[in-house]
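Residue numbers for the sequence shown follow our numbering, beginning at 338 and rising by one.
Ideal placement from N, C-alpha and C gives every residue a C-beta, glycine not left out.
Model, not experiment: these values are computed from the prediction.
These notes concern the structure reproduced below.
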Amino acid sequence: MKAAIRPQSSMSRRSGSFIPDKFRLFLFASPFLVLILLFSYFPLYGWLYSFYNYRPGFPLSETPFVGLQWFKAIFSNPTQTQEVMRVMRNTLAMSTLGILTSVFPVIFAIMLTEIRTTWYKKTVQVLTTLPNFISWVLVYSIAFMMFSVDSGVVNKWMIALGFQETGINYLAQDDHTWLAMTLWGLWKGLGWGAIMYIAAISSIDQEQYDAAKVDGAGRFRMIWHITVPGLMPTYFVLLLLSIANFINNGMEQFFVFQNAINKDHIEVLDLYVYNTGMLGFNFSFATAISMLKSIISIVLLFFANQLSKIVRGESII
C-alpha cells in the first residue's frame, strides 16, 4: 500500500504543489461548478415569483403572496387551459418532427465521408456548417428575400412558370407552419449536427473496412454493416438528450417568424412564456408555466435515462 501512495506524493512534490492530486482535480473543475451555480442554479430563485402576484416596479416584499393560485389557474380556467393545450400541441408537434428528422444529419455525415474528392467534401461541409452561425434574424431576412410578395425569388419563378398569377405571401400563411419551421431548423443545423457523426465515423477501426473489402463487400454493404452500427451509440445518446429536451424548443426561431396569421401554430411553450411575461406583463403566471416546463423536462430526462438502461444496458446519467 505504501508503494502505491508514494508515487502520488512524489508527483505532487515534483509539480511544486503540496495539494493532493484528488483535490487538485476538484480545483480544476471548480470554475465550471461556479459558472453552473451562477447561471443554472442561481436563476432558480426566480421561481419564487410564481407564488406571488408580482407587479413590475414593486419589490417582492411588497407583493401579495398567492400560493398556488397561478398553477391552479392553468387548469381551473377553461380559456387558459385551452391556450396552454394549444401551445403544448405546437411544442409536441415540432419536437416530434425534430426527432423524426434527426436521422438526416446521420445520412448527410455518411454521404459526406463517402466523397473521395477532398476539396469538394471540404467545400460542402463548410457551406452546410455556416448556417449554424447565422442568427435567426438573418435567417428570416433570407426567407423574406426568397418569399416576399413583390420581389421574392420564389414568387417570380412561380409566376414566370405559370403556376400562379400573382404573388403569394408564403410567410404569412398558416397551412404548413410546423413543417416550414422544421425545414428551416434542419437547413440551419444540418452541417453542424453532422460534425459529431463524422467524428464518430473517423473513430471506426479502418481494419474492419479493409477486411470487408477482402471479403468482397461493396461500398453500400460496408456502410450498412460497419458505418451504421458504428454510429448507433452516438445517435442514441443524442436521441436520448433530445427526448430530455422534448419540450424545450427555444424561442428565437419562432419569435422572428411569428405573425398574426400563423400565431396559432407557431407559438411554442418558450415563446408563450415570453409573450405572457414580457409582452403581457403577467410575470407570475409566465414563471409558473416555465416552472412546470422545467419539472416536465427533468421527468423526461429520467424517463429517457431509464429507457436507455432497459434498451441498451447503458445510461446517460
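- Here the segment 621-632 does not lie against the segment 538-552, with fewer than 3 beta-carbon pairs under 8 Å apart.
- Per DSSP, reduced to three states, the secondary structure at residue 618 is coil, with no helix or strand assignment.
- The Cβ-Cβ distance between residue 581 and residue 644 does not fall below 8 Å.
- Taken in chain order, the unbroken stretches of alpha helix (DSSP H) that lie wholly in the segment 408-447 and span 4 residues or more are 415-437.
- Contact between residue 446 and residue 535 holds: their C-beta atoms lie close to 5 Å from each other, under 8 Å.
- Across the set 558, 510, 432, 552, the C-alpha of 432 shows the shortest separation from the C-alpha of residue 522.
- Of all C-beta pairs linking the segment 359-369 to the segment 594-609, fewer than three are shorter than 8 Å, placing the two stretches out of contact.
- The beta-bridge partner set that DSSP reports for residue 389 consists of 402.
- For the pair of segments examined, the segment 484-492 was found not to touch the segment 466-475: the number of CB pairs separated by less than 8 Å stays below three.
- The residue from 460, 641, 617, 589 with its alpha-carbon nearest to that of residue 475 is 589.
- Under the 10 Å beta carbon count, residue 525 is surrounded by 16 or more other beta carbons and is classified as buried.
- Residue 428 is not a Cβ neighbour of residue 633, given a cutoff of 8 Å.
- The Cβ neighbour count for residue 621, taken over all protein chains shown within 10 Å, is at least 16; the residue is labelled buried.
- Closest by C-alpha distance to residue 461, out of 532, 436, 420, 421, is 532.
- For the segment 474-549, the full-length alpha helix (DSSP H) segments reaching 4 residues or more read 490-497, 514-539 along the chain.
- Here residue 401 is exposed, its C-beta having fewer than 16 other C-beta atoms within 10 Å.
- Sixteen is the threshold: when 16 or more other Cβ atoms of the shown chains lie within 10 Å of the Cβ of residue 517, as they do, the residue is buried.
- If you look at residue 590, you'll find it in the alpha helix (DSSP H) that goes 589-594.
- Just measuring C-alpha positions, the residue of 618, 607, 575, 650 sitting nearest residue 395 is 618.
- A buried status is given to residue 614, since no fewer than 16 other beta-carbon atoms sit within 10 Å of its beta-carbon.
- In this structure, the straight-line span from the alpha carbon of residue 442 to that of residue 586 is close to 18 Å.
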